[in-house]
Amino acid sequence: MWELSDTKTTPIYQQIMEQIITYIQDGTLQPGDRLPAERKLAQYYRVNRSTVVHSLDELVSLGWVLRRQGSGTIVNEGNWGRSTIPRVDWRSLFTQETHPKEPFLERVQELLNASESLDLYSGELPLNLIPDFRFPSYTWEELLLEERKQSPLGYRPLQQVICQRVKAEQKIDISSDQVLITSGAQQAMFLLLQVMLQSGDSVAIEDPSFLYSLPIFATAGIKLYGVKMDKEGMRIDKLEQLILTKKIKLIILNPTFQNPTGSTMSTKRRNELIELSRKYQLPIVEDEVFSEMNFSENPSSLKELAPHQVIHLGSLSKIFGSSIKIGWIVADRNLIQRLSEAKQMMDFSISVFPQVIAHTALTDPLFEENQKELVLALKQRAAAFNVAAQTVAEDWQISEIDGGIYAYFTWRHQKLTRKDWEIFLREKLLIAPAFLFSNDTMAMRVNYTRLTEQTRKHFFAKLQAISKELRRS
Ligand SMILES: Cc1ncc(COP(=O)(O)O)c(C=O)c1O
Numbered sequence: 000m001w002e003l004s005d006t007k008t009t010p011i012y013q014q015i016m017e018q019i020i021t022y023i024q025d026g027t028l029q030p031g032d033r034l035p036a037e038r039k040l041a042q043y044y045r046v047n048r049s050t051v052v053h054s055l056d057e058l059v060s061l062g063w064v065l066r067r068q069g070s071g072t073i074v075n076e077g078n079w080g081r082s083t084i085p086r087v088d089w090r091s092l093f094t095q096e097t098h099p100k101e102p103f104l105e106r107v108q109e110l111l112n113a114s115e116s117l118d119l120y121s122g123e124l125p126l127n128l129i130p131d132f133r134f135p136s137y138t139w140e141e142l143l144l145e146e147r148k149q150s151p152l153g154y155r156p157l158q159q160v161i162c163q164r165v166k167a168e169q170k171i172d173i174s175s176d177q178v179l180i181t182s183g184a185q186q187a188m189f190l191l192l193q194v195m196l197q198s199g200d201s202v203a204i205e206d207p208s209f210l211y212s213l214p215i216f217a218t219a220g221i222k223l224y225g226v227k228m229d230k231e232g233m234r235i236d237k238l239e240q241l242i243l244t245k246k247i248k249l250i251i252l253n254p255t256f257q258n259p260t261g262s263t264m265s266t267k268r269r270n271e272l273i274e275l276s277r278k279y280q281l282p283i284v285e286d287e288v289f290s291e292m293n294f295s296e297n298p299s300s301l302k303e304l305a306p307h308q309v310i311h312l313g314s315l316s317k318i319f320g321s322s323i324k325i326g327w328i329v330a331d332r333n334l335i336q337r338l339s340e341a342k343q344m345m346d347f348s349i350s351v352f353p354q355v356i357a358h359t360a361l362t363d364p365l366f367e368e369n370q371k372e373l374v375l376a377l378k379q380r381a382a383a384f385n386v387a388a389q390t391v392a393e394d395w396q397i398s399e400i401d402g403g404i405y406a407y408f409t410w411r412h413q414k415l416t417r418k419d420w421e422i423f424l425r426e427k428l429l430i431a432p433a434f435l436f437s438n439d440t441m442a443m444r445v446n447y448t449r450l451t452e453q454t455r456k457h458f459f460a461k462l463q464a465i466s467k468e469l470r471r472s
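Dropping the structure here:
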């Protein structure tokens, strides 16, 4: 009687619960019947006692059984419907575990709005640097007319503008049916996981990488493997080892002004990566959300070097902030078709509203000029930051900034622990420690674009004091 079928895949405690409920429902167990002792049940089911206790606790909370001091567990005596109506335990219906919350991030989120906090954690430009543009003035009727320009791949005028821009920037020949508009680069990534991967598959990413912090992979059952980087980017020897040992299905990387290191993969390394991906017939996803924030010419994109091997992702949210959550995927026509079908299952189509705004922003006559001004402003902030960074150079090795929004600081002294980074929280200096992106506890990402002349002084003065304290710890 107390046996489980070994074909079921639901958790054991749940199978035990289901069996006891079935016995109560079919009369095998009568109201008032005593269940065997926990220890006995654990022996019968051949499980730990704690598993049985877990099942019985749940059954008690649902009202199926009662626990009486000294008399063990008995089937509730026909009381349900009167005082112990069985209720739905919603938690038991969730099919996926929630992603465990990172305590450091929770503290950062709390402190973001605190008055003295300096936010160098957020991955967006400060408001005063975001290029301005005239908001379109549409009547409701005109907007509905724009709606007719929606296709399964997105709002056609926007799709075409993005296609033109990608063609010009990446120097590749594509047509607009190779461009799918998404709600940001993150949705693009999510769709790729849905279409190209299955639970249990493995993906290679850079180590450190912002992807490490995204729950979308763990939730889909995808295993991420980090590949160490050197000055030129992802190490190809390490990647090949991984491909040979872990059955890697996809390589995802952010080769230009990488999040979090701010570094850019060299042209030589890009070519080696492509050669390797050809050798093992592995597709590459190139996340290029920062590529337009460049102070000098960028190396050729991976897409340009190998148009048929590479899936290219872009986004407007790094320039315009996350209020315009518009991104895109450029890929082979057949893949775009499949991605579009997957997207339609999720959200039919993106509302025309943010797409019209994105189109207006990109076609504003001042856009190119504003874009140049933005890059100039970033360049000035980066130069001032590099100079000020000399004041802490004894304690931190700091990457030279060539574009993008991040600087990366690596601690030069003793091994730091997660606990050491709490000093930054205490001082309300909000940065992103490397352990959010890797197993590393020795470095931090700083969004330098958010610092004005005044806050820069404040930042480096505080960092000097913190470094002194860290050295003593
Ligand atoms: C490298 C990189 N790719 C993609 C994203 C997500 O972009 P989006 O806001 O367009 O979803 C981010 C956001 O932080 C990022 O840093």
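According to numbering that gives the first Met the number 0, the sequence shown is numbered sequentially starting from 0. Glycine is no exception: its CB is placed at the ideal position from the N, C-alpha and C atoms. Source: prediction; values computed, not measured.
- Ile221: not part of any alpha helix (DSSP H); DSSP gives it neither H nor E.
- Annotation for Arg444: the continuous beta strand (DSSP E) segment containing it runs Ala442 to Asn446.
- Contact between the region 433-442 and the region 406-423 is established, with three or more Cβ pairs separated by less than 8 Å.
- Judged by beta-carbon spacing, Thr266 lies beyond the 8 Å limit of Phe256, meaning their Cβ atoms are not closer than that value.
- The beta-bridge partner set that DSSP reports for Asn293 consists of Gly402.
- Of the residues assessed, Gly225 falls on the buried side of the cut-off, its CB having 16 or more other CB atoms within 10 angstroms.
- Using a 10 angstroms sphere on the CB of Asn333, the tally of other CB atoms stays under 16, which defines it as exposed.
- For Gln149, the beta-bridge partners assigned by DSSP are Tyr154.
- In the DSSP assignment, Ala203 falls within the unbroken beta strand (DSSP E) covering Ser201 to Asp206.
- With a cut-off of 7 Å, the C-beta of Lys467 is classified as distant from ligand 1, since no heavy atom of the ligand falls inside that distance.
- Of the heavy atoms belonging to ligand 1, at least one sits nearer than 7 Å to the Cβ of Asp286.
- Separation of Gln354 and Ala376 (C-alpha to C-alpha, rounded to the nearest whole angstrom) is 27 Å.
- Remark: C-beta atoms of Glu285 and Pro259 do not approach each other more closely than 8 Å.
- Residue pairing by DSSP puts Phe408 in a beta bridge opposite Ile397 and Met443.
- Going by C-alpha positions, Tyr22 is about 11 Å away from Ile15.
- Inside the region 263-336, DSSP marks whole beta strand (DSSP E) runs of 3 or more residues at positions 283-286, 309-314 and 326-329, from first to last along the chain.
- In the structure shown, the three-state DSSP call for Gly62 is coil.
- By the CB criterion at 8 Å, Leu249 and Val202 fall inside the cutoff.
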